[in-house]
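K.L.:
For the sequence shown, the UniProt record's numbering gives the first residue as 1, with consecutive numbering after it.
Using N, Cα and C, we set each Cβ at its ideal position, and we do this for glycine too.
Keep in mind that this is a model prediction, so the values were computed, not measured.
Can you keep this structure in mind? I'll have questions shortly.
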Amino acid sequence: MDEENQRSVPVLPWMRHPVDVTRCEQLSLRRVPFLDRRLKSALENMEISKLFPVQVALWQETIGPGNFERDLCINSPTGSGKTLAYALPIVQKLLPTSTVKCLRALVVVPTRDLALQVKQVFDAIALPLGLRVGLAVGQSSVADEISSLVYLPGEEEGVDPGFLSPFWFQSKVDILVATPGRLVDHVNLSRGFTLKHLHYLVVDEADRLLREDYQSWLPTVLKSTQSSNNDDGGSGGGDDVFQLGFPYSPWSRRTCGVERGSKPHSRLAKVVLSATLTRDPGRLVQLNLHHPLFLSAGKMRYRLPENLESFKLICERKVKPLYLVALLKSLGEEKCIVFTRSVDSTHRLCKLMNCFGDLQIDIKEYSGRQHQRVRSKTLNEFRKGQFQVLVSSDAMTRGMDVEGVRNVINYDMPKYIKTYVHRAGRTARAGQNGRCFTLMSNDEVGRFKRLMKKAEASACLEHTLPSHLIEELHSTYQSACSDVTSFTIFARSKIQGKCFEGSTMLHGECLPSHLVKVMVETVLAIDVVVAILASKI
């Protein structure tokens with residue numbers, strides 16, 4: 001739902017008076033009540049010495065007085081520590097582990113890269129305590145993935161699982177991090193996979209997960225967590241082994257506190273999070289929340305990190321690439337993420353930037369047009385500091401954490417404040433300082449000012465670049481445009497069959513085959529030169 005239309009949507013009663021997490025102070029680990037000493041040691045190994053406000057607030061509502069009596073909805077800025085905020089109490093709650101392992105906590109996230117990142121956080125604190133963390137994101141086949149999640153008796157002897165009683169299946173993991181599509185595959189298709197023993201469900205980046213269908217993942221998951229003595233488990237479930245004579249039943253441990261004024265009862269505890277949590281009742285009702293408690297950072301729905309500085313850079317549309325290059329050079333070797341409005345814009349801009357011979361800055365693309373393996377490889381290289389600038393579509397705006405990103409640049413001004421919040425949140429994370437630059441023309445200044453009024457943030461200052469730097473780069477910019485023009489004309493003639501073998505020449509020089517391939521790819525994507533002249537890069 002567009003932001004403009006949300007004004008007419010009624011706010012649910014429990015969202016009208018949120019708990020302000022900013023009132024919580026950072027808390028050193030030695031002062032965190034009931035924190036297991038092994039968990040404290042794991043955090044210290046991660047060089048974490050204190051909890052941030054949102055982490056303290058969730059600890060109070062889960063391990064402290066709240067004791068998970070209510071489902072929790074959290075609206076907190078990106079980079080505020082939300083992943084550890086829910087991972088910490090879940091791991092604490094799953095201790096001590098039972099002798100019979102079963103899947104008790106599920107975290108659903110929208111993208112594969114984010115799932116890998118969340119799993120790393122859980123691994124760091126859960127593995128030292130003897131808890132196993134699984135991943136279901138479609139990196140491998142369903143069969144290969146299920147073998148890492150469920151113990152199949154007779155697997156080594158080559159016994160067909162179809163001939164085995166569901167009684168013999170057992171989970172290999174206590175915690176599962178999954179993307180919605182692959183999760184549904186396992187629920188519907190994987191023999192031995194069950195969510196019946198689930199204690200905790202986390203919906204991270206909830207607004208996106210609720211906005212997009214993802215194979216009706218939510219009703220599928222909620223239905224699969226329901227258990228009864230007469231349930232045969234379906235194709236993906238199997239019988240409840242704990243109803244067949246085992247002395248220990250984790251089902252009895254699914255009491256997540258005593259509801260005020262009522263008797264103890266078993267239920268699935270839910271944690272729902274986002275930096276821009278939806279307030280649409282039609283979407284939130286799908287979660288079937290139990291006496292929900294709303295925690296938010298501040299009074300306004302949209303909030304930027306406290307240590308973020310916002311700047312606007314005003315220039316004419318036709319010279320935006322030139323100003324971007326000048327800005328990158330002025331920032332030196334600092335890590336930067338450049339955001340564009342679309343996948344095609346990301347591809348075009350990255351191609352153009354790499355035509356600047358004097359730039360001396362390594363630039364790579366990260367967008368939905370690439371294969372997942374390429375994106376993951378690029379992201380890992382960026383994290384390791386193997387290149388400085390990542391040009392990205394909004395595929396990277398959700399929850400991705402890259403240490404050391406000092407600057408975010410909006411090459412294309414976002415249409416909605418929600419997009420700005422998620423983009424800007426790639427920097428100024430975990431209490432670090434960061435800057436967000438937005439390039440815009442004079443006629444966009446008014447719209448940008450109205451956009452920023454919707455967020456709880458500091459003032460946005462105007463940033464100017466040294467005129468001598470613009471002048472120095474102008475000739476390089478013209479040369480780059482000329483090269484791209486020549487490449488485009490040549491590649492088009494190649495595609496149209498007007499250029500024959502032996503005529504692959506540019507400026508009197510023979511072009512290597514890989515360069516011809518790049519030119520053809522550029523033309524097939526879109527005409528770069530036309531985009532420059534039309535100011536649509």
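Going by DSSP in three states, M396 sits in which element: helix, strand or coil?
P.N.:
Looking at M396 - three-state DSSP - the assignment turns out to be helix.
K.L.:
From which residue to which residue does the alpha helix (DSSP H) around M440 run?
P.N.:
Counting along the chain, M440 falls outside any alpha helix (DSSP H), though it belongs to the beta strand (DSSP E) covering G434 to M440.
K.L.:
Terminal residues of the continuous alpha helix (DSSP H) containing R406?
P.N.:
Counting along the chain, R406 falls outside any alpha helix (DSSP H), though it belongs to the beta strand (DSSP E) covering V405 to N410.
K.L.:
Just to confirm, are D20 and S296 a CB contact at a threshold of 8 Å?
P.N.:
Yes, Cβ-Cβ distance for D20 and S296 is below 8 Å.
K.L.:
Look at the Cβ atom of A326, then the Cβ atom of L439, and state whether they are nearer than 8 Å.
P.N.:
Not closer than 8 Å, so no.
K.L.:
Pick helix, strand or coil for D36, following the three-state DSSP scheme.
P.N.:
If DSSP states are grouped into helix, strand and coil, D36 belongs with coil.
K.L.:
Rounded to the nearest angstrom, what separates D394 and P77 at their Cα positions?
P.N.:
Straight-line Cα distance between these residues: approximately 17 Å.
K.L.:
Just the C-alpha distance for K318 and C350, rounded to the nearest angstrom, thanks.
P.N.:
Using only the alpha carbons, I get a separation of about 16 Å.
K.L.:
Scan the region 203-227 and note each continuous alpha helix (DSSP H) run of 4 residues or more that stays entirely inside, going in chain order.
P.N.:
Runs found: 206-211 and 217-225.
K.L.:
Can the beta-carbon of V27 be found less than 8 Å from the beta-carbon of V56?
P.N.:
Per the sequence shown, residue 27 should be read as Leu rather than Val. Going by C-beta atoms, L27 is nearer than 8 Å to V56.
K.L.:
Check whether the region 26-46 and the region 112-132 are in contact - that is, three or more C-beta pairs closer than 8 Å.
P.N.:
A contact exists between the region 26-46 and the region 112-132.
K.L.:
Hey, could you find the ends of the beta strand (DSSP E) C460 is sitting in?
P.N.:
Element bounds for C460: C460 to E462.
K.L.:
Provide the residue span of the alpha helix (DSSP H) that contains V108, from first to last.
P.N.:
Segment A105 to V108 is the beta strand (DSSP E) holding V108; no alpha helix (DSSP H) there.
K.L.:
From K196, T278, Y200 and Q286, pick the residue whose C-alpha is nearest to that of V177; which is it?
P.N.:
Of K196, T278, Y200 and Q286, the residue nearest in Cα terms is Y200.
K.L.:
Tell me, which residues are paired with E456 by DSSP?
P.N.:
According to DSSP, which records beta bridges pairwise, E456 is partnered with R303.
K.L.:
Between the Cα of R283 and those of L218, P414 and A105, spot the shortest distance and give me the residue it belongs to.
P.N.:
Among L218, P414 and A105, the Cα nearest to that of R283 is on L218.
K.L.:
Just to check my reading of the structure: D412 and S345 have Cβ atoms closer than 8 Å, yes? What is that Cβ distance to the nearest angstrom?
P.N.:
Going by Cβ atoms, the distance from D412 to S345 rounds to 6 Å, so yes, they are a contact pair.
K.L.:
Taking only the alpha-carbon atoms, compute the straight-line gap between E145 and A136 and give it to the nearest angstrom.
P.N.:
When rounded, the distance between both Cα atoms is 7 Å.
K.L.:
Residues in the same chain with beta-carbon distance under 6 Å from S274, minus the five sequence neighbours each way, listed in chain order, please.
P.N.:
E205, A206 and D207, listed in sequence order.
K.L.:
Which word fits L324, buried or exposed, when buried means at least 16 other C-beta atoms lie within 10 angstroms of its C-beta?
P.N.:
Buried, because 16 or more other Cβ atoms sit within 10 Å of the Cβ of L324.
K.L.:
Note down, in chain order, each residue of its chain lying with its Cβ closer than 6 Å to the Cβ of R383, except the 5 sequence neighbours on either side.
P.N.:
V402, listed in sequence order.
K.L.:
Given this structure, state the Cα-to-Cα distance separating S49 from F34, to the nearest angstrom.
P.N.:
Going by the C-alpha atoms only, they are around 16 Å apart.
K.L.:
For V184 versus L304, is the C-beta spacing smaller than 8 Å?
P.N.:
Not closer than 8 Å, so no.
K.L.:
What is the C-beta distance between R406 and R435, in whole angstroms, given that I count them as a contact (C-beta under 8 Å)?
P.N.:
Confirmed, Cβ separation roughly 7 Å.
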